[in-house]
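Student: 6 is the number of the first residue of the sequence shown in the working numbering; add one for each residue after it.
Here you go, one structure.
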Amino acid sequence: MNSVITAFVLTGFFFMFRKIVDKYSARIASQPQKTTLWQAFPLRGWILIVCMSCLGMALKFIPGVPAEFTASFYSGLGPMLLFAAGRFIRNAKACR
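If you want it as structure tokens, here you go:
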């Protein structure tokens with residue numbers, strides 16, 4: 006069951022992060038050379054980042070959520086966050 010949950014999380018986050026990274030990479034590429042970190046994402050993007058981070062951390066402390074589910078969820082989320090970071094780096098190199 007854990008591998009099914011992990012595969013589901015991997016698949017879901019793959020498609021979500023791929024779309025988000027491409028959208029925000031295009032936004033960052035269209036900005037002037039010198040911008041601040043806060044200008045890289047619109048307010049909606051920062052809200053998404055904060056909410057996802059808080060929900061991901063809170064998942065561990067929600068009563069009734071089995072540890073096996075939490076482990077599978079994080080096992081799927083971690084690689085997809087690395088995938089998103091690598092995609093941002095690749096897109097940044099392509100813009101140079």
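Cβ atoms here follow ideal geometry from the backbone N, Cα and C, with glycine treated the same way.
Report yes or no: do three or more beta-carbon pairs, one from the region 68-81 and one from the region 48-60, lie closer than 8 Å?
Tutor: No, the region 68-81 is not in contact with the region 48-60.
Student: Classify Ser35: buried if its beta carbon has 16 or more other beta carbons within 10 angstroms, exposed otherwise.
Tutor: Label assigned to Ser35: exposed.
Student: Excluding the 5 residues flanking Ser30 on each side, which residues of the same chain have their C-beta closer than 7 Å to its C-beta?
Tutor: These residues qualify, in order along the chain: Phe93, Asn96.
Student: Within a Cβ cutoff of 6 Å, which residues of the same chain sit near Ile33, ignoring the five residues on either side of it in sequence?
Tutor: So the list reads Ala45, once near-sequence residues are dropped.
Student: Which residue marks the beginning of the alpha helix (DSSP H) containing Gln36, and which one marks its end?
Tutor: Here Gln36 belongs to no alpha helix (DSSP H), and DSSP marks it neither H nor E.
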